[in-house]
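*Asks:*
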Amino acid sequence: MGGGASVTGKGAWNANTITSRGIGASRRPYWTICDVSTNEKPTTRTTRQQQRTRRLLLDAGRTLIATKGVPGLRIQEVTEQADIALGSFYNYFSSKETFLEAVITESLSDLTSTTISNIDEDTDPAIVVASATLQVIKLAYDEPDFARLIVNIGHSEALFGAAVHPHARIAVERGIASRRFVVPDIGVLLTSVIGGTFALIREILDGQHGPHAERAFAQYVLTALGLPPVEALAVVNEAIAKADRP
């Protein structure tokens, strides 16, 4: 997660700043498994079918974890939920452990990609960061079984970082380029924020925090990015209001 100095000035959000620096034109989203870069050769029908089957298995696993929890998860139930032959499971995953790792990394990647990478370029980067922070930490409240899987599986913190880091970096770089954020070292900033997010999820699950801890943390993240505390609070409240809209 190393990063060189990235000091910029701070100013009001202006989407034109990003366009003028070429970021809007060149930035590529971090796609999930079913997406294919336009720079690559088209996939074959067989490959597309394999991607769909893998996605069905992952979606089934996520659904079963949410309804039954991890301890009772059985591979046969996953294949039945996905309507796929039991033997086909091992064409995609060597074990239950590798399957659970894929559920974690790709679910988190999908969540952060939707919030960060696949957005309009005129969206305030501070709103993007606040929204992503709120959504990821709220997993501890809204999907505790899945959140426990995230923090308890082997090398869990590394998996969490690998899934979240690329999208978090995009969001922070957009804010730096537009002079919305002031960041002395983006690598240090991301290590601090991602590590803090992981630790807070674990502490929420352990009962160390009451409701809405994600709001205080999102405000903290924005102040770390250079926003004054009062403005950071206003941005977090705006992000909450946007999430509550139908």
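227 is the number that this note's numbering gives to position 188 of the sequence shown; each next residue is one higher, with no gaps.
From the three backbone atoms N, C-alpha and C, an ideal C-beta is built for every residue, glycine too.
Computed from a predicted structure; not experimentally measured.
(1) Anyone know if the C-beta pair for GLY193 and GLU136 falls short of 9 Å?
(2) Can you give the Cα-Cα distance for VAL221 and PHE256, rounded to whole angstroms?
(3) Under a three-way DSSP split, which group does PRO268 fall into?
(4) Quick one: grab the DSSP three-state call for PRO290.
(5) Determine the DSSP secondary structure at VAL109, reduced to helix, strand or coil.
(6) SER152: buried (16+ other C-beta within 10 angstroms of its C-beta) or exposed?
(7) Roughly how many whole angstroms lie between the Cα atoms of SER195 and ILE189?
(8) Under 6 Å Cβ to Cβ from VAL142, same chain only, skipping five residues before and after it: list those, please.
(9) If we require 4 or more residues per run, which alpha helix (DSSP H) segments fall completely within the stretch 145-195?
(10) Anyone know if the C-beta pair for LEU228 and LEU264 falls short of 9 Å?
(11) Hey, how far is the Cα of GLU286 from the Cα of ALA105?
(12) Beta-carbon separation of GLU253 and THR172 under 9 Å?
(13) Buried or exposed: which applies to GLN115, given that a residue is buried once 16 or more other Cβ atoms fall within 10 Å of its Cβ?
(14) Measuring CA to CA, which of ASP181, SER146 and SER217 is closest to ALA201?
(15) Does the stretch 173-183 come close enough to the stretch 232-251 to have 3 or more Cβ pairs within less than 8 Å?
(16) For my contact list, PRO267 and ARG219 are in at a C-beta cut-off of 8 Å; report their separation, rounded to the angstrom.
(17) Which residues in the same chain as TRP70 place their Cβ atom closer than 6 Å to its Cβ, once the five residues preceding and following it in sequence are excluded?
(18) Along the chain, where does the alpha helix (DSSP H) containing VAL117 start, and where does it finish?
(19) Measuring alpha carbon to alpha carbon, tell me which residue in SER217, LEU198, VAL168 and ILE233 is nearest ALA210.
*Replies:* Result, derived from the coordinates:
(1) One thing to note: GLY193 has its Cβ within 9 Å of the Cβ of GLU136.
(2) Cα-Cα distance, rounded: 18 Å.
(3) Secondary structure at PRO268: helix, using DSSP grouped into helix, strand and coil.
(4) Look at the range of the chain in this structure, 40 to 285, and you will see that residue 290 is not part of it.
(5) It is coil, neither helix nor strand.
(6) Result: buried.
(7) CA-CA distance, SER195 to ILE189, rounds to 6 Å.
(8) Excluding positions up to five away in sequence, the list reads LEU97, GLY100 and ARG101.
(9) Runs of the alpha helix (DSSP H) lying entirely within the stretch 145-195, each at least 4 residues long, are 164-181 and 183-191 in chain order.
(10) In this structure, LEU264 lies closer than 9 Å to LEU228 by Cβ.
(11) The displayed coordinates of the chain run from 40 to 285. Any statement about residue 286 would go beyond what the structure contains.
(12) In contact: GLU253 and THR172 (Cβ atoms closer than 9 Å).
(13) Exposure of GLN115 is indicated by the presence of fewer than 16 other C-beta atoms within 10 angstroms of its C-beta.
(14) When each option's Cα is compared against that of ALA201, the closest is SER146.
(15) Yes: at least three Cβ pairs fall under 8 Å.
(16) So it is not a contact: roughly 13 Å between Cβ atoms.
(17) Any reading at TRP70 needs caution, since the residue's pLDDT is 25, under 50, leaving its predicted position unreliable; the model's value is listed next. Cβ within range, chain order: n/a, list empty.
(18) For VAL117, the uninterrupted alpha helix (DSSP H) run begins and ends at 114-121, by DSSP.
(19) With distances taken between CA atoms, ALA210 lies nearest to VAL168 out of SER217, LEU198, VAL168 and ILE233.
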